[in-house]
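Residue numbers (mature numbering (1 follows the signal peptide of the UniProt record, and there is no 0)): -23 to -1, 1 to 381.
Even for Gly, the Cβ is constructed at its ideal location relative to N, Cα and C.
Keep in mind the model is a prediction, meaning the values are calculated, not measured.
Beneath this line is the structure, given in structure tokens, with notes to follow.
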């Protein structure tokens, strides 16, 4: 059975006072009374911004709690200048637990309890406050909503015997209400983004996010590695579908899935974007999404003898027959997003092969950033969000590698 994965974030503890024309508050100054916080302030050094953890105000009273019942949290770095009324909400990823055992294990980690979260983390990639590394969003209000549940912020149930709370939907609503009260309601621009399980959530919550704002507010949604396919895996089964079935059933996800989908498909099918994304309303952008060899095509549960282990870790280690299977999987993915790409409002950046989660990496706008047609990921996302160009790019280098 596929188990949840936890991604660590390196924390750097040094600081400066100024960054790209936006003043940073010294740690010795009074912190504005935004929320109850563990730190709630920020510091930086060598271009790396460190942001403190903020607890969501009023969440417990709404039953909006992490797996272990603790209050959810996020990291907020305030915008400035022309970005003072622009908001970027980034949903953390971290896979899904699908049964009592895996969810019980998860609640003792930062992915199940706010008491186990880092009190400070580095803001990188699309969250960084350096104009030269993040020119389109560096001065926005940037929020990282921590993932301390396990159903892409959609569940709403509990297991009293094991003291497990599956309140992802409540956390989503409570966090949005909190941020709206802290200035997001005045946004003239807003972007909801997410990675992996958070990327799936950004697709599923996009229309709800749009509904928070007046029609005059520019609102779009971005998914990095969140478009998971309902695909046959290398064992001939459907390991990810089986995993999703456990997630949806255990955590009460079905009531929060798109009703136009669940009215004619089973709830598990409606956890796969390919089955509902064409009916959603708001502009969406999909990219860095061909990483799914580990989750959909060749998860460990479908590869008990480890025949795909080295291929999963390093594409250059794949055999010719494995590359042929990968290419078929890639084509299946491209077919799944073909109709999505028709709308001029939607965008795609499909880079070579099976990389995963690029929005928070240092390569976001670096010289070595993955590029398609001389356009980096950061440039492509900026062009799409600000309507500077229609962006639908697909890298063919995976095919070239497969033929070597």
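Between residue 273 and residue 208, the C-beta spacing is below 7 Å. In the three-state reduction of the DSSP assignment, residue 141 falls in the strand class.
Among the bridge pairs identified by DSSP, residue 369 is matched with 325.
Rounded to whole angstroms, the separation of the alpha carbons of residue 60 and residue 287 is 44 Å. Taking the Cα positions, residue 185 is about 19 Å away from residue 201. An exposed status is given to residue 192, since fewer than 16 other beta-carbon atoms sit within 10 Å of its beta-carbon. Relative to residue 137, the option among 151, 44, 255 whose CA is nearest is 44.
With contacts defined as CB atoms closer than 7 Å, residue 97 and residue 25 fail to qualify as a contacting pair. Taking a cut-off of 8 Å on C-beta distances, the region 100 to 112 does not touch the region 125 to 132, as fewer than three cross pairs fall below it.
Per DSSP, the unbroken alpha helix (DSSP H) holding residue 302 starts and ends at 297 to 313.
Exclusion of the five residues before and after residue 306 leaves 274 as the residues of its chain whose Cβ lies within less than 6 Å of its Cβ. Cβ-Cβ distances below 7 Å link residue 252 to 238, 242, 246 in the same chain, with the five nearest sequence neighbours on each side left out; the list follows chain order. Counted as a single uninterrupted DSSP element, the alpha helix (DSSP H) harbouring residue 221 occupies residues 216 to 228. Counting along the chain, the unbroken alpha helix (DSSP H) around residue 184 starts and ends at 183 to 187. With respect to the 7 Å criterion, residue 68 and residue 114 are not classified as neighbours on the basis of their beta carbons. The C-alpha of residue 152 lies about 13 Å from the C-alpha of residue 162. Annotated three-state conformation of residue 123 is coil, per DSSP.
Counted as a single uninterrupted DSSP element, the beta strand (DSSP E) harbouring residue 196 occupies residues 195 to 201. Shortest Cα-Cα distance from residue 206 to any of 250, 290, 145 involves 250. The residue from 92, 355, 147 with its alpha-carbon nearest to that of residue 103 is 355. Residue environment for residue 118: buried (at least 16 other C-beta atoms within 10 angstroms of its C-beta). Linking residue 120 to residue 40 through their CA atoms gives a straight-line distance of about 22 Å. Rounded to whole angstroms, the gap between the alpha carbons of residue 83 and residue 72 is 11 Å. Secondary structure of residue 286 (DSSP, three-state): helix. By the neighbour-count definition (other C-beta atoms within 10 Å, threshold 16), residue 316 is an exposed residue. Ranked by how close their Cα comes to the Cα of residue 244, the residues 230, 217, 70 have 230 in first place. In this structure, the CA atom of residue 46 is about 47 Å from the CA atom of residue 351. In terms of Cβ geometry, residue 123 and residue 50 form a close pair [threshold 7 Å]. Cα atoms of residue 176 and residue 48: separation of roughly 22 Å, rounded to the nearest angstrom.
Boundaries for residue 167: no alpha helix (DSSP H) harbours it, while the beta strand (DSSP E) harbouring it runs 166 to 172, taken from the DSSP string.
Take the alpha-carbon of residue 29 and the one of residue 169: they are about 21 Å apart.
Here the alpha carbon of residue 372 sits roughly 31 Å from the alpha carbon of residue 235. The beta carbons of residue 319 and residue 155 sit no closer together than 7 Å. Rounded to the nearest whole angstrom, the CA to CA distance from residue 362 to residue 197 is 7 Å. A direct Cα-Cα distance of roughly 19 Å separates residue 226 from residue 149.
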